[in-house]
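K.L.:
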Amino acid sequence: MKKPKNLIKYAIGLFTVIVLRLVPHPPNVEPIMATMMPFAKRWGKLAGLFFTLLAILSFDLITGTLGVWSIMTAGTYALLGIAAGFYFKNRKSNIKNYVKFSVVGTLIYDAITGIGTGMLFFKQSFMLTFMGHCICSNSISIII
Numbered sequence: 008m009k010k011p012k013n014l015i016k017y018a019i020g021l022f023t024v025i026v027l028r029l030v031p032h033p034p035n036v037e038p039i040m041a042t043m044m045p046f047a048k049r050w051g052k053l054a055g056l057f058f059t060l061l062a063i064l065s066f067d068l069i070t071g072t073l074g075v076w077s078i079m080t081a082g083t084y085a086l087l088g089i090a091a092g093f094y095f096k097n098r099k100s101n102i103k104n105y106v107k108f109s110v111v112g113t114l115i116y117d118a119i120t121g122i123g124t125g126m127l128f129f130k131q132s133f134m135l136t137f138m139g140h141c142i143c144s145n146s147i148s149i150i151i
């Protein structure tokens with residue numbers, strides 16, 4: 008990904024994701040996953056990892072919400088960026104493969120960040136965190 012043309016595409020994707028996240032949107036309508044998957048397909052797992060880290064940490068820094076949860080969300084998305092690189096390495100770039108990865112990726116992301124954050128950072132019990140997460144959130148991701 009050393010070509011300037013590729014870096015420009017990467018920067019445009021990062022800028023677009025951050026701007027879209029600033030606009031009010033329904034829960035789990037997430038442009039990071041939708042942008043990271045083709046980047047990981049095209050440029051590999053490290054491109055997916057760094058894109059997600061930069062997107063989460065930049066957004067949290069810009070909005071003044073950088074905190075302990077940023078570690079959990081950025082780390083989880085970074086792992087998904089790596090996973091996307093492996094998943095898409097020998098697969099076609101088509102809607103079916105992107106939907107499969109995004110559904111499983113969203114469920115993993117929600118399980119780790121929704122349940123893990125409550126238990127690790129806020130000292131909640133598993134049952135309290137699990138029930139609150141199930142009742143209060145919509146765990147279906149929409150790809151934009």
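Mapping the sequence shown onto the numbering used here, position 28 (from 1) lands on 35, and the numbers just tick up by one. For each residue, glycine too, the CB sits at the ideal point set by N, CA and C. This one's a predicted model, so the numbers in the text were calculated from it and none came from an experiment.
#1: Within the continuous alpha helix (DSSP H) that includes GLY121, where are the two ends?
#2: How is the alpha helix (DSSP H) around GLY51 delimited, first residue to last?
#3: Kindly give me the distance between the Cβ atoms of ILE78 and GLY55, rounded to whole angstroms, as I take these residues to be in contact under 8 Å.
#4: Quick one: any contact between the stretch 40 to 49 and the stretch 98 to 117, if contact means 3 or more CB pairs under 8 Å?
#5: Examine the Cβ distances between the stretch 65 to 79 and the stretch 18 to 33 and report whether three or more of them are shorter than 8 Å.
#6: From this set, HIS32, PHE57 and TYR94, which residue's C-alpha is nearest ALA81's C-alpha?
#7: Going by C-alpha to C-alpha distance, which of LEU87, ILE15, GLY123 and LEU29 sits closest to LYS48?
#8: One question on the structure: do LEU29 and THR70 come within less than 9 Å of each other, judged by their Cβ atoms?
#9: Using a threshold of 9 Å, state whether the C-beta atoms of THR83 and ILE119 are closer than that.
#10: Using the DSSP secondary-structure output, state which residues sit across from VAL30 in a beta bridge.
#11: Applying the 10 Å Cβ sphere with the 16-neighbour rule, what's the burial state of GLY74?
#12: Please determine, among ALA91, ASN101 and PHE95, the residue with the shortest C-alpha to C-alpha distance to THR59.
P.N.:
On the basis of the coordinates in this document:
#1: GLY121 -> no alpha helix (DSSP H), and no H or E assigned at all.
#2: Segment: none, GLY51 is in no alpha helix (DSSP H) and carries neither H nor E.
#3: Going by Cβ atoms, the distance from ILE78 to GLY55 rounds to 18 Å, so no, they are not a contact pair.
#4: yes
#5: These segments touch.
#6: PHE57
#7: LEU87
#8: Yes, the pair counts as a contact, with Cβ atoms nearer than the cut-off.
#9: Yes. Within cutoff.
#10: Looking at the DSSP assignment, VAL30 forms no beta bridge with any residue, so it has no partner.
#11: exposed
#12: ALA91
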